[in-house]
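Asker: Structure incoming, see below.
Residue numbers (the UniProt record's numbering), protein chains in the order written: chain A, 1 to 197; chain B, 1 to 197.
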């Protein structure tokens with residue numbers, strides 16, 4: 001936690017406020033959390049929060065942008081590679097697991113967004129664009145002949161990312177479990193399956 | 001919906017009340033739903049609901065038992081088969097997808113349970129016993145030599161059921177999409193992976 005001691009009282013910078021807010025949003029729900037509740041949890045006045053964030057909605061926007069930006073960067077990095085679509089897909093799957101583990105609270109918040117406000121709707125739209133680019137990548141892997149016969153690209157994309165997103169349900173950073181080990185398992189399960197060929 | 005017309009008013013039997021209640025629990029959350037809200041949604045008096053279910057908690061218990069009972073039956077049927085552990089695992093994965101699609105609202109409710117009440121805690125305990133039996137089955141498949149080298153049974157079990165559970169996030173019965181087609185994809189993705197060998 002980004003906490004610094006100032007004149008004997010804990011102080012939070014912008015990053016520290018964001019981190020605590022995302023934790024409270026995940027615990028109690030965004031709608032059910034007021035800026036007053038956040039202020040109480042942080043031991044700050046509401047105006048101290050408003051010094052850093054114009055509104056509760058801005059906190060949400062910054063948090064969702066962090067999750068989406070990290071996923072998009074992982075994708076863009078993988079797509080910039082020279083390899084086949086299959087190799088790029090493998091790289092995105094690995095990158096998405098690493099983002100999920102590294103930015104767990106932010107991705108958890110993103111996965112729970114239901115599109116009730118403008119900020120949430122914008123995040124859902126951006127997430128869907130990411131999903132469409134992943135589907136296009138699975139299709140490209142199919143078209144280059146990398147996929148087994150009969151694979152439905154849309155269904156496979158949903159199932160693969162369903163598997164990755166489900167990691168947020170059980171992964172707890174404090175219990176260790178390296179992102180690389182999980183990413184290796186996801187990639188090998190996704191590409192080669194559980195059973196010996 | 002199990003609705004019958006009685007003297008010009010819609011009537012609900014036990015099954016119909018349960019179905020509507022589960023829909024409202026999934027939409028607004030179990031905690032946030034009162035028997036008064038259910039009565040209003042059903043167009044019934046609270047005492048008409050209490051004629052069929054002793055409490056809101058009993059509605060939840062019956063709903064969760066339906067999801068858990070269906071999953072356990074699918075497992076027990078698969079484990080009663082003569083085949084290898086790998087074949088039994090394949091049958092359970094197929095059966096779990098079919099249960100999820102056939103009992104979607106009930107499984108959705110089960111997946112959201114967080115263990116805040118005795119009924120919820122009992123359901124979480126029963127779900128964990130199911131998960132343990134699945135892990136034991138993955139281990140048995142490993143021990144008979146069916147799995148690729150290096151597969152972690154616990155991690156594989158979590159990822160496979162994460163993939164299956166994620167179907168509840170996007171599957172909409174009204175848009176069609178056969179349970180058998182989805183189950184085939186889950187089984188082939190899980191066992192043989194996405195890529196050509």
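We put the CB at the ideal spot given by N, CA and C, even for glycine.
(1) Can you find a C-beta in chain B that's less than 8 Å from the C-beta of residue 151/A?
(2) What three-state label does DSSP hand residue 106/B in the structure shown?
(3) Where do the N-terminal and C-terminal ends of the alpha helix (DSSP H) with residue 21/B fall, by residue?
(4) Specify the secondary structure class of residue 11/A as computed by DSSP and reduced to three states.
(5) Could you pull out every residue in the same chain whose Cβ sits closer than 6 Å to the Cβ of residue 33/B, ignoring the five residues on either side in sequence?
(6) Please check the pair residue 120/A and residue 66/A, which I expect to be a contact at CB under 8 Å, by giving their CB distance rounded to whole angstroms.
(7) Could you work out which residues of chain B lie near residue 28/A, taking near to mean beta carbons separated by less than 8 Å?
(8) Should residue 186/A be flagged as near chain B, meaning a C-beta pair shorter than 8 Å?
(9) Output the distance between the C-alpha atoms of residue 5/B and residue 170/B, rounded to the nearest integer angstrom.
(10) Ignoring anything shorter than 4 residues or poking outside the segment 63-133 of chain A, list the alpha helix (DSSP H) runs there in chain order.
(11) What separation, rounded to the nearest whole angstrom, lies between the Cα atoms of residue 88/B and residue 64/A?
(12) Helix, strand or coil for residue 194/B? Go by DSSP, reduced to three states.
(13) Give the straight-line distance between the Cα atoms of residue 197/B and residue 134/A, rounded to the nearest whole angstrom.
(14) In angstroms, rounded to a whole number, what distance separates the CA positions of residue 153/B and residue 182/B?
(15) Let me confirm a value: residue 127/A is counted as buried when at least 16 other C-beta atoms fall within 10 Å, else exposed. Which label applies?
(16) List the residues of chain D that residue 91/B touches, going by C-beta distances under 7 Å, in chain order.
(17) Does the count of Cβ pairs from the segment 140-149 of chain B and the segment 75-89 of chain B closer than 8 Å reach three?
(18) Which of helix, strand or coil does DSSP assign to residue 44/B?
(19) Taking the alpha helix (DSSP H) that residue 161/A belongs to, which residues open and close that run?
(20) What's the C-alpha gap between residue 41/A and residue 188/A?
(21) What's the gap between the Cα of residue 72/A and the Cα of residue 60/A?
(22) Quick one, are the C-beta atoms of residue 186/B and residue 159/A less than 8 Å apart?
(23) Can you check whether the CB of residue 123/A is closer than 8 Å to the CB of residue 113/A?
(24) With a threshold of 16 other CB atoms inside 10 Å of the CB of residue 9/A, please say whether the residue is buried or exposed.
(25) By DSSP's criteria, residue 147/A is part of a beta bridge. Which residues make up the other side?
(26) Please confirm whether residue 194/B and residue 179/A have their CB atoms less than 8 Å apart.
(27) For the candidate residues 29/B, 125/B, 74/B, 132/B, whose alpha-carbon lies nearest to that of residue 101/B?
(28) Could you tell me the distance, in whole angstroms, from the CA atom of residue 111/A to the CA atom of residue 95/A?
(29) Please tell me whether residue 169/A has its Cβ less than 8 Å away from any Cβ of chain B.
(30) What do you reckon, are the CB atoms on residue 62/B and residue 18/B nearer than 8 Å?
(31) Does residue 165/A have its Cβ less than 8 Å from a Cβ in chain B?
(32) Could you tell me the distance, in whole angstroms, from the CA atom of residue 172/B to the CA atom of residue 13/A?
(33) Checking contacts by CB at 8 Å: is residue 95/B closer than that to chain A?
(34) Considering only the beta carbon of each residue, do residue 81/B and residue 70/B sit closer than 8 Å?
(35) Consult DSSP for residue 54/B and reduce its assignment to one of helix, strand or coil.
(36) Chain B partners of residue 196/A, CB-CB under 8 Å?
Answerer: Looking at the coordinates:
(1) yes
(2) helix
(3) 14-28
(4) strand
(5) 24, 25
(6) No, residue 120/A and residue 66/A are not in contact; Cβ-Cβ is about 15 Å, not under 8 Å.
(7) At a C-beta separation below 8 Å, residue 28/A has no neighbours in chain B, since its nearest C-beta there lies roughly 11 Å away.
(8) yes
(9) Its pLDDT being 42, under 50, residue 5/B is placed unreliably in this model, and the value from its coordinates should be taken loosely. Rounded to whole angstroms, residue 5/B to residue 170/B spans 33 Å at the Cα level.
(10) 85-102, 104-112
(11) 41 Å
(12) coil
(13) 22 Å
(14) Near 23 Å, if we compare the C-alpha coordinates of residue 182/B and residue 153/B.
(15) buried
(16) Absent here is chain D; the protein component of the structure consists of chains A and B.
(17) yes
(18) Coil, per DSSP.
(19) 153-170
(20) 42 Å
(21) 18 Å
(22) yes
(23) Against a cut-off of 8 Å, the Cβ pair of residue 123/A and residue 113/A comes out as a contact.
(24) Annotation note: pLDDT 47 at residue 9/A (below 50); position unreliable, no value reported.
(25) 195/B
(26) no
(27) 74/B
(28) Answer to the nearest angstrom: the Cα atoms are 17 Å apart.
(29) yes
(30) It is a contact, given that the beta carbons lie within the stated cut-off.
(31) Yes, residue 165/A counts as interfacial toward chain B.
(32) 44 Å
(33) no
(34) no
(35) coil
(36) Result: 145, 146, 147, 148.
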